[in-house]
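Undergrad:
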Amino acid sequence: MIFKKYIDKFLEFFDEITEKQLLTTTIVLVIVSVLVIGLSFSHYFSPDHHFYENLLVEAHGMIFDLLIIGLLLVWLNKNGERRLRIRRYHEEIDDFRHWVNEEASFRIAGNVKRLNKDGVTNIDLYNCFLKNVNLSQINLSASNMNYINLEDSNLQNSILDKVRLNQANLQNTKFQKSSLKAAQLSGANLIAATLIKADLTEANLIKSNFTGAVMIDAILKDSLVAGSDFTDANLFKADFRGAKGLTADQLSKAKNITLAQFDPEMEEKLMKEAPQLFGDIGGKKPVAKVAQSAT
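As structure tokens, then:
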């Protein structure tokens, strides 16, 4: 029994040491050094110089091992850690998916930022609750963000090219100077959203609601806008050239289209049906810019 007691204590002490990596490495180094130096001690005073020559050869080999194998191990270790981090961030987003509370918003937003730092831009944010969060200068290109709630959030200067935001709640969301090229925003709620200088080139905006949105200098070239609601939207200097499905009735409900750019046919219709929307600068009308037709 006494012998077993000592064995248990030794095993417990051994476990404590092995849990501390630096201490374990130091102990191994000391033990190996004592053994090697002890066995080689007589050669230190020997007149035979082959020992030192061999020692120098081994030293150079050690440097080579540290340079090649060491760097490779470090790279593999860092790459492995990165993969584990990315997996953990995705799992945490999944854990908070469908949660509708403030904690979920900030937890998910934090993981999105961490994934961006690790170079990940395609993130599954389907049906996530991200109300009132700051995601400015984020890159979410090609991400699945269908049915997401980003109400009152800040996404200024962000890259959202080819992102899927179908049926998303983007009410009062800030998209100043953001890129949404070829984004899918079908049926999205963009009421009172800020899209100043936002790039929506070739975006799918079918049946999107832009009521009261601020779209000054917004680019909607070649976008799909059939059924979109621009009631009370500020479209000052917005670019609608090549927009598909655009009607004079849609634009007639806008708050302002001064200096907006349209195809010649649309410009002509608007001048007849809603000339008051073009503004009055210096008593001169109209002031909208018309796309030049091919000569």
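The working numbering puts the first residue of the sequence shown at 7, with every later residue one more than the last.
Glycine included, C-beta positions come from ideal geometry on N, C-alpha and C.
These numbers come from a predicted model, not from an experiment.
1) Run the CB neighbour count on L146, radius 10 Å, all protein chains shown included, and call it buried at 16 or more, exposed below.
2) Tell whether a beta-carbon distance below 9 Å holds between I212 and S184.
3) Per DSSP, what are the beta-bridge partners of R170 in this structure?
4) With burial defined as no fewer than 16 other Cβ atoms inside 10 Å of the residue's Cβ, what is the status of Q182: buried or exposed?
5) Would you say A204 and M221 are within 9 Å of each other, going by their C-beta atoms?
6) Identify whether N85 lies in helix, strand or coil by the three-state DSSP scheme.
7) Of the residues R120, A115, V36, S142, which one's Cα is nearest the Cα of Q162?
8) Considering only the alpha carbon of each residue, which of I43, D101, L252, A199 lies closest to D158?
9) If you run the structure through DSSP and keep just helix, strand and coil, what is P281?
10) Pick helix, strand or coil for M39, following the three-state DSSP scheme.
11) Give the secondary structure of S111 by DSSP, where H, G and I count as helix, E and B as strand, and everything else as coil.
12) Roughly how many angstroms separate the alpha carbons of F102 and Y95, rounded to a whole number?
13) Count the other CB atoms within 10 Å of the CB of S39; is the residue buried (16 or more) or exposed (fewer)?
14) Decide if D286 is buried, meaning its Cβ has at least 16 other Cβ atoms within 10 Å, or exposed.
15) In chain order, what residues of the same chain lie with their CB nearer than 6 Å to the CB of V106, ignoring the 5 residues before and after it?
16) Note down the Cα distance separating A254 from V231, rounded to an integer number of angstroms.
17) Can you give me the Cβ contacts of Q298 inside the same chain, cut-off strictly under 7 Å, excluding the 5 residues immediately before and after it?
18) Give the DSSP-derived three-state secondary structure of T200 in the structure shown.
19) Is D238 near T264, with beta carbons less than 9 Å apart?
20) When you compare each of A115, S229, D124, I43 to N160 by their alpha carbons, which one comes out closest?
21) Just tell me which of I197, L41, D228 has its CA closest to the CA of L186.
22) When DSSP builds the beta bridges, which residues end up paired with V220?
23) Rounding to the nearest angstrom, what Cα-Cα distance links G86 and K261 in this structure?
24) If you count every other CB in all the chains shown that lies within 10 Å of the CB of K278, and 16 or more means buried, which is it?
25) Just reading off the alpha helix (DSSP H) that S258 is part of, what are its end residues?
TA: Here's the rundown:
1) Within the sequence shown, residue 146 is the residue found at index 140, counting from 1. By the neighbour-count rule (16 or more Cβ atoms within 10 Å), L146 is buried.
2) Within the sequence shown, numbered from 1, the residue matching residue 212 stands at position 206. Within the sequence shown, numbered from 1, the residue matching residue 184 stands at position 178. For I212 and S184, no; Cβs fall outside 9 Å.
3) As a position in the sequence shown, residue 170 is number 164, starting the count at 1. For R170, which the question treats as bridged, DSSP gives the partners N150, Q190.
4) Stepping through the sequence shown from its first residue, residue 182 is reached at position 176. Result: buried.
5) Numbered from 1 along the sequence shown, position 198 holds the residue referred to as residue 204. Numbered from 1 along the sequence shown, position 215 holds the residue referred to as residue 221. Yes. Within cutoff.
6) Sequence index remark: in the sequence shown, residue 85 carries index 79 (1-based). In this structure, N85 counts as helix in the three-state DSSP scheme.
7) As a first step, residue 162 must be located in the sequence shown, where it is residue number 156. Out of R120, A115, V36, S142, S142 has the C-alpha closest to the C-alpha of Q162.
8) For this step, residue 158 is matched to residue 152 along the sequence shown. Ranking the options by Cα distance to D158, first place goes to A199.
9) On the sequence shown, position 275 is the one that residue 281 refers to. In this structure, DSSP gives P281 a helical state, which the three-state scheme calls helix.
10) To locate residue 39, count along the sequence shown from 1; it is residue 33. The question names Met, yet the displayed sequence has Ser at residue 39. Residue state, collapsed to three classes: helix.
11) Reading the sequence shown from its first residue, position 105 is the one you call residue 111. Three-state result, S111: helix.
12) The sequence position of residue 102 within the sequence shown is 96, counting from 1. The sequence position of residue 95 within the sequence shown is 89, counting from 1. Cα-Cα distance, rounded: 11 Å.
13) Looking up residue 39 in the sequence shown gives position 33. Counting Cβ neighbours within 10 Å, S39 comes out exposed, since fewer than 16 surround it.
14) The residue given as residue 286 occupies position 280 in the sequence shown. Only weak support exists for where D286 lies, its pLDDT of 48 falling under 50; the value from the coordinates is given anyway. Exposed: under 16 other Cβ atoms inside 10 Å.
15) Within the sequence shown, residue 106 is the residue found at index 100, counting from 1. For V106, where only same-chain residues beyond five positions count, the Cβ hits under 6 Å are F135.
16) For this step, residue 254 is matched to residue 248 along the sequence shown. For this step, residue 231 is matched to residue 225 along the sequence shown. Cα to Cα, the separation comes out at about 12 Å.
17) As a position in the sequence shown, residue 298 is number 292, starting the count at 1. Reliability fails at Q298, whose pLDDT of 43 lies under 50, so the model's placement of it is uncertain and no value is given.
18) Locating residue 200 in the sequence shown gives position 194, counting from the first residue. In the structure shown, T200 sits in a strand (DSSP, three-state: E or B).
19) As a first step, residue 238 is located in the sequence shown; it is residue number 232 there, counting from the start. As a first step, residue 264 is located in the sequence shown; it is residue number 258 there, counting from the start. Cβ distance not < 9 Å, so D238 and T264 don't count as in contact.
20) Position 154 of the sequence shown, counting from 1, holds the residue named residue 160. Measuring from the Cα of N160, the nearest candidate turns out to be A115.
21) One-based indexing of the sequence shown puts residue 186 at position 180. It is D228.
22) Looking up residue 220 in the sequence shown gives position 214. DSSP lists T200, N240 as partners of V220.
23) Locating residue 86 in the sequence shown gives position 80, where the first residue counts as 1. Locating residue 261 in the sequence shown gives position 255, where the first residue counts as 1. Going by the C-alpha atoms only, they are around 54 Å apart.
24) Numbered from its first residue, the sequence shown carries residue 278 at position 272. So K278 counts as exposed.
25) Here residue 258 is taken as the residue at index 252 of the sequence shown, counted from 1. It spans 254–258 - the alpha helix (DSSP H) in which S258 sits, taken as one unbroken run.
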